[in-house]
Structure formats: C-alpha cells, structure tokens
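Novice:
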Amino acid sequence: MGTVNLLMTRSAALLFLLVLSSLSACSDSGRSEITLPAGHPSAVPLSELAAKVKPVQFTVFVNYDWYTAPDWEAGPHSRWITDHLKVKLLPVPSSGAAAQKLNAMIVSDQLPDVLVMDRGKDVERLQKAGKLVALDSYLEQYPEFARTVGENTLNMLRSEDGRLYQIPNWYINGSGGSGNAGFLVEKRIYRELGSPKLATWDDLEAYLQQVQRKYPDIVPIDFGETRDGVEIQMIGMLYSGAADNRTPSFISPGSGQIFGVPSGIRLTSVYRDPAFLETLQLAARLVRQGLTSPDLLTETRDQVLEKLKSGRIAVFGAYDAVVEGIGREANNQLSAKDPLDGYELIWPLHREGVDPGKVYPSGYNTLGWNVNVITTAARDPEAIFSYMNWATSPEGQRILFFGPEGLFYDKVEDGVPIPNDSYIGRDLKWYDDLKIGEFNWYGNTSYIDAAKAQREKLLPAGARDWTTLGQANITFKTSMNITEFSNLDPAPASEEGLILQKLRDQYAQVVPRMIFAASDEELRELLKAADREASDLGYDRLLAWKTGVWQSNLKKIKDYTPEQ
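Numbering-wise, the sequence shown is residues 904 to 1467 according to the numbering used here.
1) Please state the DSSP three-state secondary structure of Met-911.
2) Just to confirm, are Leu-1446 and Lys-1405 a CB contact at a threshold of 7 Å?
3) Ignoring anything shorter than 4 residues or poking outside the stretch 1013–1047, list the alpha helix (DSSP H) runs there in chain order.
4) Under 8 Å by Cβ, that's how I've got Val-959 and Val-990 pegged, so tell me the actual separation to the nearest angstrom.
5) Got a sec, what are the start and stop residues for the alpha helix (DSSP H) Ser-981 sits in?
6) Cβ-heavy atom distance between Gly-1266 and the ligand ZN below 6 Å?
7) Give a yes or no on whether the C-beta atoms belonging to Asp-1392 and Lys-1004 are separated by under 7 Å.
8) Please identify the residue among Pro-1363, Gly-1266, Pro-1151 whose C-alpha is closest to the C-alpha of Val-1133.
9) Suppose the cutoff is 8 Å on Cβ atoms and the five residues either side in sequence are ignored; what does the same chain contact list for Ser-1238 look like?
10) Kindly list the residues whose CB is nearer than 6 Å to the CB of Gly-1077, restricted to its own chain and excluding five residues on each side of it in sequence; keep chain order.
11) Using the Cβ count rule (16 or more neighbours within 10 Å means buried), how would you classify Arg-1231?
12) Please report the residue range of the beta strand (DSSP E) in which Arg-1169 lies.
13) Going by beta-carbon coordinates alone, are Tyr-1263 and Ala-1294 separated by less than 7 Å?
14) As a quick exercise: from Val-1052, Asn-1055, Met-1020, Glu-1063, pick the residue whose alpha carbon is nearest that of Ala-1037.
15) Looking at the C-beta of Gly-1144, does it have a partner C-beta in chain B at a distance below 7 Å?
16) Check whether the Cβ atoms of Leu-988 and Val-956 lie closer than 7 Å to each other.
17) When you compare each of Gln-1160, Met-1417, Asn-1275 to Ser-1265 by their alpha carbons, which one comes out closest?
18) For Gln-1170, tell me which candidate among Phe-1179, Phe-1153, Ala-1178, Pro-1177 has the shortest Cα-Cα distance.
19) Suppose you measure from the CA of Ile-1070 to the CA of Asp-1352; what does that come to, to the nearest Å?
20) Inspect the CB distances between the stretch 1213–1226 and the stretch 1082–1092 and report whether three or more fall short of 8 Å.
21) Sort out for me which residues DSSP pairs Ser-1143 with in a bridge.
22) Ordered along the chain, which non-local residues of its own chain (more than five positions away) have a Cβ less than 8 Å from that of Ser-950?
23) Evaluate Lys-1240 with the Cβ neighbour count: other Cβ atoms within 10 Å of its Cβ, from every protein chain shown; 16 or more gives buried, anything less gives exposed.
24) Is there contact between the stretch 965–983 and the stretch 1184–1202, where contact requires at least three CB pairs shorter than 8 Å?
25) Just checking my contact of Thr-1370 with Val-1225 at CB under 8 Å: how many whole Å lie between their CB atoms?
26) Given Ser-925, which residues of its chain have a CB within under 6 Å of its CB, disregarding the five upstream and five downstream residues?
27) Leaving out the 5 sequence neighbours to the left and right, which residues in its chain are closer than 7 Å to His-1468 when beta-carbon positions are compared?
28) Identify, in the order they occur along the chain, each residue of the same chain with its Cβ nearer than 8 Å to the Cβ of Ala-1437, setting aside the five sequence neighbours on each side.
29) Over the uninterrupted beta strand (DSSP E) stretch that includes Asn-1456, give me the two end residues.
30) In the DSSP assignment, find the beta strand (DSSP E) that holds Ser-1382 and state where it starts and stops.
31) Enumerated in chain order, which unbroken segments of the beta strand (DSSP E) with a length of 3 residues or greater are wholly contained in the stretch 1252–1301?
32) To the nearest angstrom, report how far apart Gly-1167 and Lys-1034 are at their CA atoms.
33) Quick check on Glu-1227: buried or exposed, where buried means 16 or more other Cβ atoms within 10 Å of its Cβ?
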C-alpha cells in the first residue's frame, strides 16, 4: 500500500479515536446528547446482551509483580466501554510487590472490588475467610455466562463448599489448545551469521558462541523475567526440550503449577528427574561461558523488552514470547525501521535425541490461565458480574481484543471482524501503542483464536499479524494439555500447604546456586543435597497428596487419554 493510502487509513482511524474522545468528554452529560451519523457503527443501538450490563465503576488489583496497568482511558476499546456501557475500571497498582500488597489489603480489610489472581491457595484462603462473593445466584439471570464458559469448566472451578467464586481468564470451551511460549531469533544477526541450523542444544551453543565472537555488545541468549521470585523462565524453557513430553509446569513450585514429574500413575520429585539435571547443566554452561545476561534472574520485564526492541538479544526464550507486549512489540518496532529486521519464531530447541514433536514449552489448561474474583468490598457485585458476563462473550471479546467497530473493521461476519483498510495499512508501532487488548481479564480463548485465524486469512501476506501467525504455526502446536493437573495447590494452612511453602523457599535458593555452579561436579552435588533437603521438608508427602488430586481429576475429565 502506498504512503498516501497509508496516511489516509491512519487518518480515518485517528478520526474515529477523536470521536471516541469527544464521547468520553461528554459522558457525564449522558449518551443521548451525542449525535452520530445514522450509518456510523458507534451509532448502532446496543445489543440485547450489552443492554444487560449495569453501569458500574470498580477497582481491580492484578496480583502479579510484573504487571503495570495502562490508563483505562487511553485505549479506544476501554473508552468505548465507558461511553457505551458506563463501566469504568480503576487499576490498583502492585508497585512490583504484589504478594505484600495483597497481604496488606487483607490485613487492613481494604480489599479492592475485584482481584485477578492464580487459581488455588489465595482464592481459597479468601473464600474461607468470607471475603469473596459467590456467583451462583447470578447464573440464572445471566445464563450466557455458563453457556460461554461451559458447565464442565465451571464445575472444576467450584470451591469445597460447592459454590462458584471464580471467573476464568483465557479458558477453553472446545477441543483446541493454546500457548505463547517460544524461542525468538533476531533476524538481522541470524542472516549475517549465515542462517545456520537451529534445532538442537548443540546447534544453539555453537550459534551463541558465534554471536559472542562477532557481536560483543549483544546478549547471545536471554529469557523472560523471573516471576514471583521462583518461576525461572530460563529453566522452564530449556527443560521443555530436555526429554520427550516435558513442560515447564512439571518443575515449577509456583501457584497453579504442578511441581511433580508424571511417572506412571504417580508424580515424582523434580530433583530426581534426569531431564532436570540435563537442563541445569546446560543453563550453568551458558552462564559459565558468558552466553547469557549476568542479571538474568533479576531483570524486570521492562528491562528485557527494552533490549528486545533495540535488537540487543540474539536468541530469546519466554513463556509469552509471541504476545503483544513482548515479542510482537519488539518485532514490529525493529521491522518498522528495517523490513528485513525483527524477530522470527523458531521451533522449540531440544536436546539431541529428543522427538521435536514432543517438546512443549507451553502448557494449556481448559480452565484458563487465572481467575477473577469479586470481593465482599464491592458495593454492587451483580453490576460487576453483568459486565464480566458481557466481556467474556464473543461480542465483549471482539470489542476488548479487536477494538470497537468502525476503527479497524466496519462489519462482522460469523463473529469475525472483517479487516478494513485502516487495519491492513496500519503502522505497526502506532497500532501497538493503542494497547488494544489491555484489560481483557476474561479471555475467551476459543472465540479469540478462531476469530484471529479467520481474520488473518482475509489479509494480504504483508499485513498478517505476527503473533497470530506464530501461534498458528508453532506455539499452539507445542503446547501440552495439562488440564488433568488442575487444583494441585493445597490450602496454605494445611500440612501440605506449609510443606509447599517451605519447598518454594528452598527452590528459590538452591536452583540459582546450581545455575551459577562453577562446574558440573559442583552442580550434581548441589542437586543431591537439594533432593535430600526436599525429602526432609516433606516433599514425598506433598507428592502423594498431589498424586491423589491428579488421579481424582482424571476421573472427572471425560476426554482424558493416557498419551496426553
């Protein structure tokens, strides 16, 4: 598309944003005073489902250190929601210390209206303390919710008292999978080094050494930020390629994770898994050779992103490598300056002898990534639920994820927003800066994935979305269904819960020491000592409890097959 057409389509999009801004500025005086042309998409009456949304303003706390919310009014999708539905979200910042902030709010009895958090211990702790609103009474009045999410998923989310307190995010109601984990390669550097084969760990080490020799100012390989003080993405990403049928959740002691390696009908210690040793040895080798960042365990997400956007990482691995705010943003910024530059997603790297078709850096759960809970602090929980009922529907997801109609699409066919010239000719960096998709904590994976795939088929090759292509070609195919391992977090105050907390603390100390071990011999000794200490802390008892829950889950999941 020529420069003139690009400017025209961008101008059309800007005009729509100006219309939204004027709507926002006048929202206090009521919608009826705003008159738009009859044919303008924003002048179309609200759907029956959207009309059920009750006006509400509510606070939201996202329980992750790494998350920083943008301004609610900054996005065209969120402004549309305020202008049309009279709903406004007020983010409560974590300031990089989410767990401490949450505990402080609990102790002071000053909880926000809504919490976004991992399933498991914190949800159950709040539920047992009487701090959460049961949602069952709303399901009859808002039947769309159960139909959209699926009864089986809702039943798996019920607490011990049989009630539903959780609204899932990025759940799957269907047979498809999802996942965003992958390895990215900086295209300019890769091309200048002859585009060598990058499939096995041996290939990787040889390539990183080439990078180190020719580009001393470039980080040969880097990884996503450490999450919640214990989720070391370097180890998880490498572990997925250390043996057949491995995924990071097996070795992570984090909330909502498995922290046990399946062997037959039992979960076994991560410290006794040969694949874990192989992973640690590779990680330590990369560190000893100076092939990765010396501060790889302490880097923030923003610091990693800045390096990516300037092309200063040759190979990058992360659990969310292809999403909007990491890989896509970096790729789009680099390719805007040089169409031949950017980041390319490759098939996950693996140890020699591992089946490439059995490498799973992603794991997906039909229950989704995390959940929303409405606290008893909310003045009007039904109004909040009415919004979430709409937000997780195909219509709500379309507005939240693709933006309001009239901006980048002018019509919808079979649920798919048909891309217009403004989307086809979009400036990629400018498009990312709009932050469309932010505040979508009610992700309907089945709808979004299907709609994205259909939309991309309608676009010319040069206008197709980098993230969507990466997901369709690689990350969805390299994601393991781990739904059967749901609900493996014991109650915090239970004996197993106390054991898990001790094991988390131990893991956070011993794994970094192994990564920075001076030799393989020292690493093996540290691993043996970690295994003994874990046993003394009660790891075997915890694994027996987790195995019991796992086996119970298998009986609930009708479509379970042993090879998954």
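The beta-carbon is built from N, C-alpha and C at its ideal position, and this holds for glycine as well.
Specialist: Answer, in terms of the structure:
1) Residue mapping note: residue 911 aligns to position 8 of the sequence shown, counting from 1. Residue placement at Met-911 is poorly supported in this model, since its pLDDT is 39, which falls under 50; the coordinates still yield a value, given next. Residue state for Met-911 is assigned as helix, using DSSP reduced to three classes.
2) As a position in the sequence shown, residue 1446 is number 543, starting the count at 1. As a position in the sequence shown, residue 1405 is number 502, starting the count at 1. No, the Cβ-Cβ distance between Leu-1446 and Lys-1405 is not below 7 Å.
3) List check, alpha helix (DSSP H) in window: 1024–1031, 1039–1042.
4) One-based indexing of the sequence shown puts residue 959 at position 56. One-based indexing of the sequence shown puts residue 990 at position 87. Contact holds; Cβ gap of about 6 Å.
5) Along the sequence shown, read from residue 1 onward, the residue named residue 981 stands at position 78. Under the DSSP assignment, Ser-981 falls in the alpha helix (DSSP H) whose first and last residues are 979–988.
6) Looking at this structure, you won't find the ligand ZN or any other ligand, since it has none at all.
7) One-based indexing of the sequence shown puts residue 1392 at position 489. One-based indexing of the sequence shown puts residue 1004 at position 101. No; because the gap between Cβ atoms is not below 7 Å, this pair is not in contact.
8) Counting from 1 along the sequence shown, the entry for residue 1133 is found at position 230. A check of alpha carbon separations from Val-1133 across Pro-1363, Gly-1266, Pro-1151 identifies Pro-1151 as the nearest.
9) Here residue 1238 refers to the residue found at position 335 when the sequence shown is read from its first residue. Excluding positions up to five away in sequence, the list reads Asp-1244, Gly-1245, Leu-1331.
10) As a first step, residue 1077 is located in the sequence shown; it is residue number 174 there, counting from the start. Within the same chain, Gly-1077 has close Cβ partners Ser-1349.
11) Along the sequence shown, read from residue 1 onward, the residue named residue 1231 stands at position 328. So Arg-1231 ends up on the buried side.
12) Here residue 1169 corresponds to residue number 266 of the sequence shown, with the count starting at 1. 1169–1171 is the span of the beta strand (DSSP E), which, as asked, contains Arg-1169.
13) By 1-based counting over the sequence shown, the position of residue 1263 is 360. By 1-based counting over the sequence shown, the position of residue 1294 is 391. In this structure, Ala-1294 does not lie closer than 7 Å to Tyr-1263 by Cβ.
14) One-based indexing of the sequence shown puts residue 1037 at position 134. Of the candidates Val-1052, Asn-1055, Met-1020, Glu-1063, the residue whose Cα lies closest to the Cα of Ala-1037 is Glu-1063.
15) The structure shown contains no chain B, having only a single protein chain.
16) By 1-based counting over the sequence shown, the position of residue 988 is 85. By 1-based counting over the sequence shown, the position of residue 956 is 53. In this structure, Val-956 lies closer than 7 Å to Leu-988 by Cβ.
17) Translated into positions along the sequence shown, residue 1265 becomes position 362. Ranking Gln-1160, Met-1417, Asn-1275 by Cα distance to Ser-1265 puts Gln-1160 first.
18) Taking the sequence shown and counting its residues from 1, the one referred to as residue 1170 is at position 267. It is Leu, not Gln, that sits at residue 1170 in the sequence shown. Ranking Phe-1179, Phe-1153, Ala-1178, Pro-1177 by CA distance to the CA of Leu-1170 puts Phe-1153 first.
19) Along the sequence shown, read from residue 1 onward, the residue named residue 1070 stands at position 167. Along the sequence shown, read from residue 1 onward, the residue named residue 1352 stands at position 449. Spanning the two alpha carbons is a distance of roughly 19 Å.
20) Enough Cβ pairs lie closer than 8 Å, so yes.
21) As a first step, residue 1143 must be located in the sequence shown, where it is residue number 240. Ser-1143 is not bridged to any residue.
22) On the sequence shown, position 47 is the one that residue 950 refers to. Cβ neighbours of Ser-950 beyond the five flanking positions: Glu-1298.
23) Residue mapping note: residue 1240 aligns to position 337 of the sequence shown, counting from 1. Lys-1240 comes out exposed.
24) Contact between the stretch 965–983 and the stretch 1184–1202 is absent: fewer than 3 CB-CB pairs across the two stretches fall below 8 Å.
25) In the sequence shown, counting from the first residue as 1, residue 1370 sits at position 467. In the sequence shown, counting from the first residue as 1, residue 1225 sits at position 322. The Cβ separation is near 5 Å, so the contact holds.
26) Locating residue 925 in the sequence shown gives position 22, where the first residue counts as 1. Residue confidence for Ser-925 is low, a pLDDT of 46 falling below 50, so the modelled location carries little weight and cannot support an answer.
27) The structure shown does not extend to residue 1468, since the chain is modelled only from 904 through 1467, so no value can be given for it.
28) Working through the sequence shown from its first residue, we reach residue 1437 at position 534. Correct list, in chain order: Ser-1172, Tyr-1174, Leu-1406, Gln-1409.
29) Looking up residue 1456 in the sequence shown gives position 553. Note, Asn-1456: premise wrong, no beta strand (DSSP E); alpha helix (DSSP H) at 1442–1459.
30) Counting from one through the sequence shown, the residue named residue 1382 turns up at place 479. Per DSSP, the continuous beta strand (DSSP E) segment holding Ser-1382 begins and ends at 1382–1384.
31) Within the stretch 1252–1301, the runs of beta strand (DSSP E) that reach at least 3 residues and sit entirely inside it are, in chain order, 1265–1267, 1273–1277.
32) Translated into positions along the sequence shown, residue 1167 becomes position 264. Translated into positions along the sequence shown, residue 1034 becomes position 131. Looking at the two C-alpha atoms, the distance is approximately 39 Å.
33) Along the sequence shown, read from residue 1 onward, the residue named residue 1227 stands at position 324. By the beta-carbon neighbour count (other beta carbons within 10 angstroms, threshold 16), Glu-1227 is buried.
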